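Okay, so the sequence shown: first residue is 737 according to my numbering, each after it adds one. Note that the Cβ used here is the ideal one computed from N, Cα and C, for glycine as well. Values in this document were obtained by computation on a predicted structure and should not be read as measured data. The next block holds one structure in the form of structure tokens; read it before the comments.
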Amino acid sequence: MSLRLFNTMTRTIEPLVPVVPGRVTLYTCGPTIWNYAHIGNFRTFVFEDLLRRWLKASGYAVYQIMNLTDVDDRIIGEAGKRGVPIREFTSPFADAFHEDRKFLRVQDAEEYPRATDFIEPMVRLIEGLLAKGVAYRGDDGSIYFSIERFPAYGRLSQLDKRELKAGASARVASDEYAKEDARDFALWKAAKPEDEAVSAAWDAPFGRGRPGWHLECSAMALELIGRKFGADVLDIHAGGVDLIFPHHEDEIAQSCAFTGQVDFARIWMHGEFLNVRGQKMSKRYGNYTTPRDLREDGVDPGALRLLFFQTHYRQKLDLTDEALAASREGARRLGGFARRLQDAAGQGVESGEFVALAEKLDAGFREALDDDLNAPRAVAAAFDFVSEGNRLLDQGQLPGPRAVEAWRLVDSVLDASTAVKFTSTGSGVDVNALLVLPETPPAGGDDALDWARHWAEARVIAKAKKDFSEADRIRKLLADHGFEVRDSRNGSEVVRK
Ligand SMILES: [Zn+2]
């Protein structure tokens, strides 16, 4: 079975057939760095991270490009208000994006081009479109793309022809516009004084100005895959559903009119929205949440990834406190099991039951993700393995390389386990740098005491971070298993009750 993905262009699930076997070029529309990206944006980035990880686990060499939009209407407006050049205004948000991305364990793409570093390829692309007669200069001095001259316009978003005709006589200069406004869009906007004031204008043979938003992605994608592989068609292009129109429609028009290829990307993938307690996330509703807010609230990134993966990327997801609490337990369970498996593996010959269980996990997990990245089914296969695996471990059966290998695949693709970072607080317990603590103590007196000491360390750290609810939770957890925490000047110690 090979990887099949839902292609928005054809509205069907198709096998992935890359331009060059074994290699996938992947373009994912990145953030506009005028603000902190919210977790709705990050749902899309985590879905793309899953895609990336699964492609790699399936043996593909992946070349992923994610752009950072650092010039557009909103950025120019905000930089103008502050009286600083756009570069100065956007750079801290670029850093913040990478911080947030790393917090949510989103792997590095191969390229993070910033639009303002690619003005030259953008100018070349516009010159090509002017030469082909699909672009023209408007009476405002800006350069527009003529959708009438590109008959395939509307193919991705399946705009009906009547709507198109109604709008085709007009033009639109703003970066974002509504579906009913299908019309000629700006490739290059003639420089205005407010652009010059924030260093957002460049010289070009067709007049001084700045690129339109849609142009950026076409120019950077074609430039980078051209430079790297001599290619002019992407294997996969992905983004949020809100980008289908006009952004991706416009990207296709510019790119295909320029290259003469039928496709700009072989497969178009779109991730659905994240709602918060039933509402679309928006500053207006006061439910605008960023990864840094969640990090400050002590939310476990593994839990958030698990929550995302429990809904298919093509379905809307509702973020609630209850759902997050449930996935927090789930992430802990995954982490706890990983540790138990690791500890038990290598202690003897792997039991036949464990080998069979590992094979079942491997087949179920691969089959689920090969089927249009069905993460909910992949997660279910992982939890089946945890339940069954715990049962076998309780019976004293030993896991070995097969079970560890199967689990490693799951962990490397989902990366949704809780990981607790410890630093020693001088209690004499030898603490690993990165440790996952199970919620229940292992059998055996000394091991259980050791387990309790580790939790006591975690409690000291929680208190130091002023996370008193976590500290109380740990005290209660230890009490439930017969341990009492005693605080002293030198930290804390645990004793058996
Ligand atoms: Zn884009």
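{"Query": "Rounded straight-line distance, which links the Cα of Gln894 to that of Lys915", "Result": "With a pLDDT of 45 at Lys915, under the threshold of 50, the modelled position of this residue cannot be trusted, and the question is left open."}
{"Query": "Cβ-heavy atom distance, His1006 to ligand 1, below 7 Å", "Result": "no"}
{"Query": "CB of Met956 within 8 Å of CB of Ile801, strictly", "Result": "yes"}
{"Query": "Residues bridged to Glu1220 [DSSP beta-bridge criterion]", "Result": "Val1231"}
{"Query": "DSSP state of His774 mapped onto helix, strand, coil", "Result": "coil"}
{"Query": "Residue from Met1017, His973 and Gly1022 with nearest C-alpha to His1006", "Result": "His973"}
{"Query": "Inter-residue spacing [alpha-carbon to alpha-carbon] between Lys925 and Arg850", "Result": "18 Å"}
{"Query": "Leu1055 vs Leu1109 beta-carbon contact at 8 Å", "Result": "no"}
{"Query": "Beta strand (DSSP E) runs wholly inside the segment 1035 to 1123, at least 3 long, in chain order", "Result": "1053 to 1055"}
{"Query": "Touch test, the segment 1139 to 1146 against the segment 1094 to 1105, Cβ-Cβ under 8 Å, three pairs minimum", "Result": "yes"}
{"Query": "According to DSSP, residues forming a beta bridge with His973", "Result": "Tyr763 and Trp1004"}
{"Query": "Whether Ser1070 touches Ser1153 by CB criterion (8 Å)", "Result": "According to the sequence as given, residue 1070 is Leu; it is not Ser. Taking 8 Å as the Cβ cut-off, Leu1070 and Ser1153 qualify as a contacting pair."}
{"Query": "Cβ-heavy atom distance, Glu959 to ligand 1, below 7 Å", "Result": "no"}
{"Query": "Through-space distance from Arg1211 to Ser1228, alpha-carbon basis", "Result": "11 Å"}
{"Query": "C-alpha distance - Gly1072 paired with Thr1047, whole-angstrom precision", "Result": "23 Å"}
{"Query": "Assigned secondary structure, Ile769 (DSSP; H/G/I helix, E/B strand, else coil)", "Result": "coil"}
{"Query": "Closer than 5 Å to ligand 1: residues, by C-beta to nearest heavy atom, in chain order", "Result": "Cys765 and Cys953"}
{"Query": "For Gln1015: DSSP bridge partner residues", "Result": "Val1012"}
{"Query": "Nearest to Pro1037 (by Cα), restricted to the options Glu835, Glu1086 and Ser1205", "Result": "Glu835"}
{"Query": "Touching by the beta-carbon criterion (3+ pairs, under 8 Å), the segment 820 to 832 and the segment 802 to 812", "Result": "yes"}
{"Query": "Minimum C-alpha distance to Arg873 - residue among Gly945, Lys817, Phe1044 and Leu741", "Result": "Gly945"}
{"Query": "Under 8 Å between C-beta atoms of Thr744 and Trp1004", "Result": "yes"}
{"Query": "For Ala793, the nearest candidate out of Leu1134, Ser1224 and Glu1103 (CA to CA)", "Result": "Glu1103"}
{"Query": "Other residues of its chain near Phe942: CB distance less than 7 Å, five sequence neighbours each side excluded", "Result": "Ile862, Leu866, Arg873, Ile879 and Trp924"}
{"Query": "According to DSSP, residues forming a beta bridge with Val798", "Result": "Val760"}
{"Query": "Candidates Leu1213, Arg740, Ala1215 and Arg1222: closest to Asp971 by CA position", "Result": "Arg740"}
{"Query": "Glu750: first and last residue of the uninterrupted beta strand (DSSP E) it sits in", "Result": "Thr748 to Pro751"}
{"Query": "Nonlocal neighbours in the same chain, by C-beta distance under 6 Å from Ala927, ignoring five residues either side", "Result": "Ala937, Arg944 and Gly945"}
{"Query": "Anticipated Cβ contact below 8 Å, Arg841 with Phe781, distance rounded", "Result": "That pair is no contact at about 11 Å."}
{"Query": "Thr746 versus Arg891 - alpha carbon distance", "Result": "9 Å"}
{"Query": "Pairwise C-alpha distance: Ala1081 and Val1231", "Result": "30 Å"}
{"Query": "Where Ser1123 falls, given that 16 or more other Cβ within 10 Å makes a residue buried", "Result": "exposed"}
{"Query": "Buried versus exposed call for Phe783 [16 or more other C-beta atoms within 10 Å across all chains shown]", "Result": "buried"}
{"Query": "Closest by C-alpha distance to Asp1223, when choosing among Asp853, Val1196, Lys1201 and Tyr799", "Result": "Val1196"}
{"Query": "Secondary structure of Phe942, DSSP reduced to three states", "Result": "coil"}
{"Query": "Inter-residue Cα distance where the pair is Ala1215 and Asp1106", "Result": "45 Å"}
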